[in-house]
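First to last, the protein sequences are chains B and H.
So the mapping is simple: the numbering used here equals the position in the first sequence, first residue as 1, plus 121.
So the mapping is simple: the numbering used here equals the position in the second sequence, first residue as 1, plus 101.
No residue lacks a Cβ here, since even glycine has one placed at the ideal position from N, Cα and C.
Step one of this worksheet: look at the structure below.
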Amino acid sequence: MIVKIKNLTKKFYIGGSFFTALDNISLEIKNGEFLGLVGASGSGKTTLLNIIGGLDSPTSGEISVLNQFMNTTSHTERALIRRKNMGFIFQSYNLLPVYSVYENVELPLILNNIDKKSRRQKVLEAIDAVGLSDKINSRPNQLSGGQCQRTAIARAIVHKPALVLADEPTANLDSENSHLIMEIMKKLNTNYNTSFIFATHDEKIMGYLKRMIHIEDGKIFKDEKIKL
Amino acid sequence: MLFNIAIKNLVGAGIRTWLNVFVTSVSIFMIIFSSGMYTGMKQHAMNVSIDTEIAGGAFWHPNYDPYDPITFEDSHSITPSILTELVESNKALEVLVSQASIYPDGRVVPVIMKGITLEQEILNIPTKEILKYEGDNIPILIGRGMSKYTKLNIGDTFIIRWMDDNRTYDAGLGEIVFIMDSDNFKIDFGHIWLPIEKMQKMLSMENESTYVVFDDNINPHSAGDWIKRDVKYLIRDMETIIEQDRPNAIMIYIILLSLAAMGIFNAQTLSIFRRKKEIGTLMALGMHKRKVVLLFTIEGAMNAIFAIILTVLLFGPLLYYFSIYGVPLPIDYSDMGLIIAKRLIPIYSMPLLVATALIVFLILLLVSYLPSRKISKMHPVDAIRGKTT
């Protein structure tokens, strides 16, 4: 089991009162899943994704990610878990603007203290996997939105994490690029058995998901396994 | 690892980095240059005083008080023989001081009349110019400031009135034979210089003088009841002024530094806050908060080091040039009673250079540390979104 959530609740203090973003959620995600947290804006899917990624903490309930009980782990331990075993893909790519494609993809390996020679090999492999070998020295401002997101995917998978968390990865992309991105991630899921969890409300990508967890008003109202 | 990332960030930021470095470098230059000019100004005043008034020191008549002209009429006597011998061997010079009045164009101007050994080379006063005069009038040397004030030029004649040793007023016709340029207003304004022998005759004070200035190569111990005034004593007023002025100097340094610090703080804080999203991303990728802060602090430190190197390379030659050839000043400050060179040579002391570099370095560390620490304390989710708080 890669993620195990039990009775998880998350409340935010907004404007003098508490807003319940996630309400008593329980969920299990197995290794190698290609799963979408699906719901409208404000449904709580991104909050859940952030809690799984250790970027946020639950108000109550239990959560284990990659066999680590996240409720009691420190910031440092969570950072270590993210560094070693997770990859992140953001809606607005979050590439470092002064870095080239190569350097952006190389960053997680530098943080993991991988030696230079191994780094080069892994970076080139990841860039090749997303089809950006011809853009290796380009900077984000020289890339299209689709190319930026492919760079972000390469950065997320370069250190072969067990889990990739993608928050609205296709929201800023056109249809063609959205499909291309999803094809790449599906291939990576198949080839490396990397688990992918998406937070999305994009209809275009639903067809690629093997499992969809529908969230509405902070509650899971449907857990749908899809046979492709 | 952090060092490599910091280098990559700085180099990758390209023009933004170099603009920051350049601004910091200009700040360092301005602080060093301004403080150097200030130190140079004070040092120049000291040097000019020694060069034109003090030399190696002096023996004063026991009654002589340069700040009380009333004492002048009683502060003269036969120059002690030991000092006369020094004067004859060109190791000292005599000065006889008296009050007088001059009447250029009918105006009355009170002056201090000083008779001086013309052959002297001890003080930087062009007394030998008077030797060239062959006329019958009293040859007079004045400074450029005095010339402007009295509107007297070379060849102009005027009445000089003085009181002699018998307390009898007498008068004669003086003629300007030379106008000297001097940075020392104290030998210029209100002063007329003439041959000591001539003045001794005019005042009926044969072989008398008020004080004797000796060369800085010798150190006579005593001369009868005349009082020895060494260099330390003679520059004490100047040193007191400089010492009293130290808080001003420190204040000017602090103001300059604060202005520079504000510029650096503004640029660096803005730069770091613009990189909020980057900080959030680094945290999402697994960089610990402490390391994020350290990374940005290292960037600040390297920014400072680049700025110091750039200052040396870019402004070093300029600072060196000024320290050799000086900086021409647009105004003649002697009119304001200040000893300021017309071409001021800045002096950069080692403590000034080291302290400025160190303080700018620390400021950059601080202004990199504080905003990055603030951002790293933000909720990572907000930082990733680049959300402002």
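Candidates K308(B), T291(B), K237(B): which alpha carbon is nearest M90(H)'s? Any property of residue 90(H) remains undetermined from this structure, which presents chain H solely from 102 to 490.
Assuming I410(H) contacts Q144(H) under a Cβ cut-off of 8 Å, what Cβ separation, rounded to an integer in Å, is found between them? Wrong, their Cβ atoms sit about 28 Å apart, outside the cutoff.
Using a Cβ-Cβ cutoff of less than 8 Å, which residues in the same chain neighbour L156(B) once the five nearest sequence positions on both sides are dropped? Counting only Cβ-Cβ distances below 8 Å, and skipping sequence neighbours, we find I150, S316, F317, I318, F319, L330, K331, R332, M333, I334.
Can you give me the Cβ contacts of L415(H) inside the same chain, cut-off strictly under 7 Å, excluding the 5 residues immediately before and after it? So the list reads S126, once near-sequence residues are dropped.
Proximal residues of chain H, C-beta to C-beta of P290(B) below 9 Å: Ordered by position in chain H, no residue passes the 9 Å Cβ test against P290(B), which lies about 14 Å from the chain.
Where do the ends of the beta strand (DSSP E) carrying D144(B) lie? Counting along the chain, the beta strand (DSSP E) containing D144(B) begins and ends at 138 to 150.
Can you list, in chain order, the residues of the segment 212 to 241 of chain B whose Cβ is nearer than 7 Å to any Cβ on chain H? The residues in question are N215, L217, V219, Y220, E224, L228, P229, I231, L232, N234.
Mind checking if V394(H) is an interface residue toward chain B, Cβ cutoff 8 Å exclusive? Taking Cβ atoms only, chain B never reaches closer than 8 Å to V394(H), which makes this a no.
May I ask you to list, following chain order, the residues of the segment 142 to 155 of chain B that have a beta carbon less than 7 Å from some beta carbon of chain H? For the segment 142 to 155 of chain B, which is checked against every Cβ of chain H, not one residue is closer than 7 Å.
With DSSP collapsed to three states, give me the class of K390(H). In the structure shown, K390(H) sits in a helix (DSSP, three-state: H, G or I).
Considering only DSSP beta bridges, list what G208(B) is partnered with. Its beta-bridge partners are V285(B).
Which residues in chain H have a C-beta closer than 8 Å to the C-beta of A320(B)? List them in chain order. The contacting residues do not exist; A320(B) stays about 12 Å from chain H at best.
A247(B) and V285(B) - do their beta-carbons sit closer together than 8 Å? Cβ atoms of V285(B) and A247(B): not closer than 8 Å.
Per the contact definition of three or more C-beta pairs closer than 8 Å, is the segment 297 to 304 of chain H in contact with the segment 249 to 256 of chain H? The segment 297 to 304 of chain H and the segment 249 to 256 of chain H do not touch, with fewer than three beta-carbon pairs separated by less than 8 Å.
Show which residues of chain B have a CB atom less than 8 Å away from the CB atom of N105(H). The answer, in chain order, is I231.
Based on the DSSP output, what are the partners of K215(H) in its beta bridges? The partner list for K215(H) (beta bridge, DSSP) reads V198(H), W294(H).
Where L224(H) sits in the DSSP three-state scheme: Looking at L224(H) - three-state DSSP - the assignment turns out to be coil, as it is neither helix nor strand.
Any idea which residues DSSP pairs I135(B) with across the strands? Under the DSSP definition of a beta bridge, I135(B) partners with S138(B).
Is the segment 104 to 118 of chain H in contact with the segment 417 to 425 of chain H, if contact means three or more CB pairs nearer than 8 Å? When C-beta atoms of the segment 104 to 118 of chain H are compared with those of the segment 417 to 425 of chain H, fewer than three pairs fall below 8 Å, so the two segments do not count as touching.
Give me the Cα-Cα distance between G244(H) and M281(H), rounded to the nearest whole angstrom. Roughly 5 Å separates the two Cα atoms.
What number of angstroms, rounded off, separates the C-alpha of D317(H) from the C-alpha of W119(H)? In this structure, the CA atom of D317(H) is about 52 Å from the CA atom of W119(H).
Quick check: the Cα distance between S178(B) and L169(B), rounded to an integer number of angstroms? Rounded to the nearest angstrom, the two C-alpha atoms are 10 Å apart.
Buried or exposed by the 16-neighbour rule on C-beta atoms within 10 Å, applied to F286(H): Under this definition F286(H) is a buried residue.
Residue(s) in a DSSP beta bridge with D331(H): In DSSP, D331(H) forms a bridge with G158(H).
Please classify S239(B): does DSSP put it in a helix, a strand, or coil? Secondary structure at S239(B): helix, using DSSP grouped into helix, strand and coil.
Leaving out five residues on either side along the sequence, give the residues of the same chain with a beta carbon under 8 Å from the beta carbon of P227(H). Residues L242, F279, M281 of the same chain have their beta carbon placed closer than 8 Å to that of P227(H), with the five preceding and five following residues left out of the count.
Listed by chain order, chain H residues near L201(B) by CB distance under 9 Å: The contacting residues are G387, H389.
Three-state secondary structure assigned by DSSP to T269(H): Of the three classes helix, strand and coil, the one that applies to T269(H) here is coil, per DSSP.
When the cut-off is 8 Å and only beta carbons count, does D338(B) lie next to chain H? No - not a single Cβ of chain H is within 8 Å of the one on D338(B).
Examine chain H for any beta-carbon lying closer than 8 Å to the beta-carbon of R204(B), and answer yes or no. Chain H, which has a Cβ nearer than 8 Å to the Cβ of R204(B), makes this yes.
Rounded to whole angstroms, what is the Cα-Cα separation between R203(B) and E227(B)? Roughly 16 Å between the two C-alpha positions.
Assuming M207(B) contacts G153(B) under a Cβ cut-off of 8 Å, what Cβ separation, rounded to an integer in Å, is found between them? The Cβ separation is near 15 Å, so there is no contact.
My assumption, with CB atoms under 8 Å, is that S473(H) sits in contact with T398(H). Please give the rounded CB distance. Taking C-beta atoms under 8 Å as the contact rule, S473(H) and T398(H) qualify, at a distance of about 7 Å.
Should G401(H) be flagged as near chain B, meaning a C-beta pair shorter than 8 Å? No, G401(H) lies away from the interface with chain B (no Cβ there is under 8 Å from its Cβ).
Would you list, in chain order, the members of the segment 163 to 177 of chain B that have their beta-carbon closer than 8 Å to a beta-carbon of chain C? The structure shown has no chain C; the protein chains it does contain are B and H.
For H196(B), return the contacting residues in chain H, with the cut-off set at a CB-CB distance below 8 Å. Neighbours of H196(B) in chain H, taken as residues whose beta carbon is under 8 Å from its own, are H389, K390 in chain order.
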